[in-house]
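The sequence shown lines up with residues 1 to 525 when you count with our numbering. Every residue, glycine too, gets a C-beta built ideally from N, C-alpha and C. None of the values given here were measured: they were computed from a predicted structure.
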Amino acid sequence: MLEVNDFNAIRLSLASPAQIRSWSYGEVTKPETINYRTLKPEKDGLFCEKIFGPTKDFECYCGKYKRVRYKGITCDKCGVEVARSKVRRERMGHISLAAPVTHIWFAKGVPSRLGLLLDVAPRTLERVLYFAHYVITEVNDEARQHALEQLLAEIEDEVNRREGAAANRIAIREESLELEIAAIERRRDADLEVADAELPGQIEAVTAEASALEQDLQERDGEKLRAKLAFRGKTLASRGQRIGANVIATLHEVARNQVGAVEEELAAKKTKIEIAAEGETQQRRDEAFEELEPLRQQVSTARDGVRKEHEDLIKRLEKLRDPLESDTLTILTEQEFRELDERFGLVFKAGMGAEAIVGILERMELDTLRVKLQEETHSSSGQRRKKATKRLRVVEALRKSGNRPDWMIIRELPVLPPDLRPMVQLDGGRFATSDLNDLYRRVINRNNRLKRLLNLGAPEIIVRNEKRMLQESVDSLIDNGRRGRAVSGSGNHKLKSLSDLLKGKQGRFRQNLLGKRVDYSGRSV
1 MLEVNDFNAI RLSLASPAQI RSWSYGEVTK PETINYRTLK PEKDGLFCEK IFGPTKDFEC
61 YCGKYKRVRY KGITCDKCGV EVARSKVRRE RMGHISLAAP VTHIWFAKGV PSRLGLLLDV
121 APRTLERVLY FAHYVITEVN DEARQHALEQ LLAEIEDEVN RREGAAANRI AIREESLELE
181 IAAIERRRDA DLEVADAELP GQIEAVTAEA SALEQDLQER DGEKLRAKLA FRGKTLASRG
241 QRIGANVIAT LHEVARNQVG AVEEELAAKK TKIEIAAEGE TQQRRDEAFE ELEPLRQQVS
301 TARDGVRKEH EDLIKRLEKL RDPLESDTLT ILTEQEFREL DERFGLVFKA GMGAEAIVGI
361 LERMELDTLR VKLQEETHSS SGQRRKKATK RLRVVEALRK SGNRPDWMII RELPVLPPDL
421 RPMVQLDGGR FATSDLNDLY RRVINRNNRL KRLLNLGAPE IIVRNEKRML QESVDSLIDN
481 GRRGRAVSGS GNHKLKSLSD LLKGKQGRFR QNLLGKRVDY SGRSV
């Protein structure tokens, strides 16, 4: 038995996984408490006698060994050590978690110790811990440099390809334009030739018509006109007028005018043909210019364009830094991670949840970080100095106490002795149990389910969700209601977690440990 009264001082520190296992008398693997028929504790459950000790003084589970004379013997049948039942108040068990989880006090406390140590905002850290975002855990600098060189070579090849392709398209389009213009000119020349060929025939027709009319008038010289005389719509003499030299002179003038009109009409037609050809040529040139201008710009800006397209990728690749070397965490969304992993999977490693954070914390050198932060407090000022001082305080506290940062992540979860979370039978056969048993049961159920999923090789998204649920169940066990909605039991009452047992007026410290009643009625402590 541990002598609890023989001590000079108490020192609180972080427990390593090895320490937790050394405290433990066995692993709790089943969520069951007691058998409903025999009312005896279930093996490997939360009240297991093999782990926590016998429920009756000096009597093993199966009853093979009874009485004090067998004290210290471990039953070969049921595995229970013959001892006082009082040991059930001090013997602890443990749960080996299938995936590491963070201790909510260090992740969600104010200030967040994990956040200060990793130099990341608590909100961002929460996104990583609860499987919303990825965090870069490791970067291979050599592979990153090689990938960067490869990317720049790809950009150069793409520039050459685009420039070559654009130049080729420009040459083809210019050649096509020349052919189109030549076709328009040939069509114009043919139309002009046709127009020129029409002119003599039309003039001859006017002349022949005028000559025939003149001859007719000469034969009828002096005769009175019975009706109006006209030539091609132009009046030569009115009704009743005598035919004479003046009528013939008018005919000559009208015929000349008609010939001039034919020539003018033809000239206008030729001008129209030339204008139409010129307009069509210009239109084709404009169309070609519109098509070629982007290509010419593409040639001139191909390098900048390709660089701009790959700029985001280059920036992301250059931004990939080892969290310990750069002393900053690189957080990625699901989409960003997929894009980078597809392209540069060999360059970096990334993860989610406490598993990713523990990898960074295990590699963390506190002495190196301390020197760096001391330099920063001396060289910087204002907000940066304040932040560096806060971080240095946490680093120094861990360093001087001999605690490792990765011990803030839980891999082995201690299970409280059963007599500190009892289960008592009430009148009427019902049982009253400590809320801690419900909270432990949630952890064990989720942990067992996660182990089963990992063994089955379940899809990543299902495993990730189960890990998040395990993290939330451990959070509820340690401090119910600190993050999200509090876990409720029957009757909608909030389950009391380990933190609730310690804090407040009814907590272990104020209620049991800090003093006793006195005989004066003051309210000061």
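Residue environment, residue i, which counts as buried when at least 16 other CB atoms sit within 10 Å
i, result
"R384", "exposed"
"Y36", "exposed"
"M1", "Note that M1 scores a pLDDT of 48, beneath 50, so its modelled location is shaky; the value from the coordinates is reported in the next line. Burial call: exposed."
"G428", "exposed"
"P111", "exposed"
"G345", "exposed"
"F431", "exposed"
"F289", "exposed"
"I275", "exposed"
"P527", "In this structure the chain extends from 1 to 525, so residue 527 is not present and cannot be described."
"V306", "buried"
"L129", "buried"
Three-state class that DSSP yields for residue i in the structure shown
i, result
"L329", "coil"
"Q506", "coil"
"T281", "helix"
"A83", "coil"
"A432", "strand"
"R411", "strand"
"F289", "helix"
"H378", "helix"
"K386", "helix"
"P417", "coil"
"F337", "helix"
"K319", "helix"
"P459", "coil"
Cβ-based neighbour list, residue i, same chain, cut-off 6 Å, excluding 5 preceding and 5 following
i, result
"R442", "S473"
"D479", "I104, S497, S499"
"I51", "Y25, G26, G93"
"E376", "A388"
CA-to-CA distance, residue j to residue i, given in whole angstroms
i, j, result
"I10", "R508", "15 Å"
"M423", "F47", "9 Å"
"V525", "V28", "The predicted position of V525 is uncertain, since its pLDDT is 49 and thus under 50; a value taken from the coordinates is nonetheless stated next. Whole-angstrom Cα-Cα distance: 41 Å."
"L373", "L392", "6 Å"
"H133", "N160", "38 Å"
"P459", "V80", "40 Å"
"C78", "R67", "16 Å"
"T333", "E309", "20 Å"
"N140", "L366", "22 Å"
"L502", "T330", "37 Å"
"V347", "E149", "13 Å"
"L450", "N8", "43 Å"
"V87", "W23", "13 Å"
For residue j and residue i, believed in contact at Cβ under 8 Å, the rounded distance
i, j, result
"A99", "K467", "5 Å"
"E395", "R370", "Residue identity check: residue 395 is Val in the sequence provided, not Glu. V395 to R370, Cβ: 5 Å. Contact."
"I410", "V101", "5 Å"
"T137", "A356", "5 Å"
"S488", "L495", "7 Å"
Close beta carbons around residue i, own chain, < 8 Å, minus the five adjacent residues each side
i, result
"D341", "A350"
"R510", "G504"
"R123", "none"
"G72", "E81, V82, A83"
Cutoff 7 Å; reference residue i; Cβ partners in own chain excluding five residues on either side
i, result
"S380", "A388"
"L453", "I462, V463, E466"
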